[in-house]
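*Asks:*
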Amino acid sequence: MRILVTGGAGYIGSHTVRHLLANGHEVTVFDSLEYGHRQAVPAESLVVGNLRDIDHLDQLLVVNRIEAVVHFAAFAYVGESVTNPAKYYTNNLIYSLQLLDRCRRNGIQKFVFSSTCATYGVPDRVPITEEAPQAPVNPYGHTKLAFEHALSDYASAYPFGFCALRYFNAAGAAADGSIGEDHTPETHLIPLVFQAATGKIPHVTVLGTDYPTPDGTCVRDYVHVDDLATAHALALDKIAPGSKLAYNVGLGRGYSVREVIAAVEAVTGLKVPVKEGPRRAGDPPVLVANADKIRRELGWSAKYDSLRAILDTAWRWHQSHPNGFGE
12 MRILVTGGAG
22 YIGSHTVRHL
32 LANGHEVTVF
42 DSLEYGHRQA
52 VPAESLVVGN
62 LRDIDHLDQL
72 LVVNRIEAVV
82 HFAAFAYVGE
92 SVTNPAKYYT
102 NNLIYSLQLL
112 DRCRRNGIQK
122 FVFSSTCATY
132 GVPDRVPITE
142 EAPQAPVNPY
152 GHTKLAFEHA
162 LSDYASAYPF
172 GFCALRYFNA
182 AGAAADGSIG
192 EDHTPETHLI
202 PLVFQAATGK
212 IPHVTVLGTD
222 YPTPDGTCVR
232 DYVHVDDLAT
242 AHALALDKIA
252 PGSKLAYNVG
262 LGRGYSVREV
272 IAAVEAVTGL
282 KVPVKEGPRR
292 AGDPPVLVAN
302 ADKIRRELGW
312 SAKYDSLRAI
322 LDTAWRWHQS
332 HPNGFGE
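Residue numbers (this note's numbering): 12 to 338.
1) Quick one, are the C-beta atoms of A208 and T279 less than 9 Å apart?
2) Report yes or no: do the segment 184-192 and the segment 263-274 share at least 3 C-beta pairs separated by less than 8 Å?
3) Under the DSSP definition of a beta bridge, which residues are partnered with K255?
4) With DSSP as the reference, identify every bridge partner of Y46, one or two as the case may be.
5) Could you tell me the distance, in whole angstroms, from the CA atom of W326 to the CA atom of V234?
6) Which two residues bound the contiguous alpha helix (DSSP H) that contains S25?
7) For the beta strand (DSSP E) holding A181, just list the boundary residues, first then last.
8) Spatial neighbours of R291 within its chain, please: C-beta separation below 6 Å, excluding the five flanking residues on both sides.
9) Let me confirm a value: E142 is counted as buried when at least 16 other C-beta atoms fall within 10 Å, else exposed. Which label applies?
10) Counting beta carbon pairs with one atom in the segment 131-145 and one in the segment 198-206, are three or more of them shorter than 8 Å?
11) Going by other Cβ atoms of all chains shown within 10 Å of its Cβ, with 16 needed for buried, is P202 buried or exposed?
12) If distances are taken between C-alpha atoms only, which option among R306, V38, V59 and V297 comes closest to D238?
13) Taking only the alpha-carbon atoms, compute the straight-line gap between C114 and I105 and give it to the nearest angstrom.
14) Look up S267 in the DSSP assignment and say whether it is helix, strand or coil.
15) Checking 9 Å against the spacing of the C-beta atoms, do D226 and S267 come in under that value?
16) Assign Y103 to buried or exposed, taking buried as 16 or more other Cβ atoms, counted over all protein chains shown, within 10 Å of its Cβ.
17) List the endpoints of the continuous beta strand (DSSP E) containing F124.
18) Identify, in the order they occur along the chain, each residue of the same chain with its Cβ nearer than 8 Å to the Cβ of P284, setting aside the five sequence neighbours on each side.
19) So, V299 versus G263, is the Cβ gap smaller than 9 Å?
20) I need the DSSP call for Y131, collapsed to helix, strand or coil.
21) Which partner residues of K286 appear in the DSSP bridge assignment?
22) So Y100 and Y151 are in contact, right, with Cβ under 8 Å, and what is the actual spacing, rounded?
23) Could you tell me whether the Cβ atoms of L44 and V59 are closer together than 9 Å?
24) Check whether the Cβ atoms of P223 and P138 lie closer than 9 Å to each other.
25) Whole angstroms are fine: how far does the CA of T228 sit from the CA of L68?
26) Any idea what DSSP makes of Y315, helix, strand or coil?
27) Measure the beta-carbon distance from F179 to F124 and round it to whole angstroms, keeping in mind my assumption that it falls under 8 Å.
28) When you compare only the Cα positions, how much space is there between L156 and N34?
29) With DSSP as the reference, label H332 as helix, strand or coil.
30) Since R113 is in the alpha helix (DSSP H), which residue starts that stretch and which ends it?
31) Among residues of its own chain, excluding the 5 on either side of W328, which ones have a beta-carbon nearer than 6 Å to its beta-carbon?
32) When the Cα of G90 is compared with those of A244, K211, F336 and D294, which residue comes out closest?
33) Within its chain, find whatever has a CB closer than 7 Å to the CB of A244; leave out the 5 residues flanking it on each side and keep chain order.
34) Between which two residues does the beta strand (DSSP E) containing L281 stretch?
Set out below in structure tokens:
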């Protein structure tokens with residue numbers, strides 16, 4: 012299949028590109044490199060460009076005879092989305108809608124969307140199923156949900172199908188340590204804990220210790236980035252015209268912030284300096300996926316089915332790339 016991957020030089024995108032190439036697909040990576048990394052994808056696959064340049068994208072769709080799109084390109088910092096919602100609505104929604112309509116005009120019938128558990132907001136109950144109310148609590152989640160609605164309307168009206176994959180917390184790195192997580196700024200817990208363990212930062216801050224959880228800290232569902240990549244490939248195979256698919260992608264079990272810190276200490280043999288801070292506004296106490304639907308309908312399963320297995324790969328990446336892709 013000839014596939015365009017937007018944002019394909021980013022963290023989840025680059026692992027998905029590698030998986031698609033290994034399975035014999037022809038992949039064109041479109042990335043601005045604002046947050047992605049040139050080193051994360053094969054040079055011959057990469058086209059540098061911005062999502063707002065719709066004519067450039069349109070040309071790629073035509074010249075490369077694209078049959079399917081996997082759409083990662085988006086801004087994803089929740090706090091920034093609150094202080095600068097215009098940036099998020101413009102990129103995550105308006106530019107994405109332009110891409111979607113060019114797909115329609117060019118007869119592209121398969122579209123996989125990088126969505127998020129942030130579309131659920133603060134859930135009434137966990138584990139969260141796909142039927143749970145979607146009530147985002149920040150502009151980032153609003154933009155992702157709005158685009159899911161647009162995809163559904165397109166699938167109703169045109170010969171077009173989509174799958175929205177609602178990720179929980181992506182983590183880990185390629186098994187060989189060659190690509191992994193490298194964000195600027197870094198806001199994700201696991202890389203921050205590794206950075207604190209290795210002295211790259213002075214400490215990791217635990218944001219809230221009074222949540223209604225067993226140890227008072229937030230509980231999250233971590234899923235290996237390669238298992239997310241597999242989910243995208245399975246979704247591409249499943250989509251047909253008229254498909255309106257949505258799947259949670261997570262392990263279905265949660266780990267608290269303190270459990271993650273203890274697990275990193277066990278993996279590395281290093282002590283993690285910790286400071287306690289106040290809660291971060293909008294953080295639900297517990298976010299855990301019910302991933303039964305994707306297992307049942309796509310045959311997906313997690314190869315890395317424990318926090319320790321995920322952290323082992325992340326540690327390999329941090330050891331071989333202490334400065335991320337800067338080395």
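Beta carbons: idealized from backbone N, C-alpha and C, even for Gly.
*Replies:* Per the coordinate set shown:
1) yes
2) no
3) F173
4) Y46 pairs with nothing; no bridge assigned.
5) 15 Å
6) Y22 to A33
7) N180 to A182
8) L218
9) exposed
10) no
11) buried
12) R306
13) 14 Å
14) strand
15) yes
16) The sequence as given places Asn at residue 103; Tyr does not occur at that position. Burial call: buried.
17) K121 to T127
18) A207, P213, H214 and V215
19) yes
20) helix
21) T216
22) Between Y151 and Y100 the Cβ distance is about 10 Å, and since that is not below 8 Å, they are no contact.
23) yes
24) no
25) 43 Å
26) coil
27) Actually they are not in contact, since the Cβ atoms of F179 and F124 sit about 16 Å apart, beyond 8 Å.
28) 30 Å
29) coil
30) S107 to R116
31) A184, G188 and G191
32) D294
33) H30, L31 and N34
34) Note, L281: premise wrong, no beta strand (DSSP E); not H, not E.
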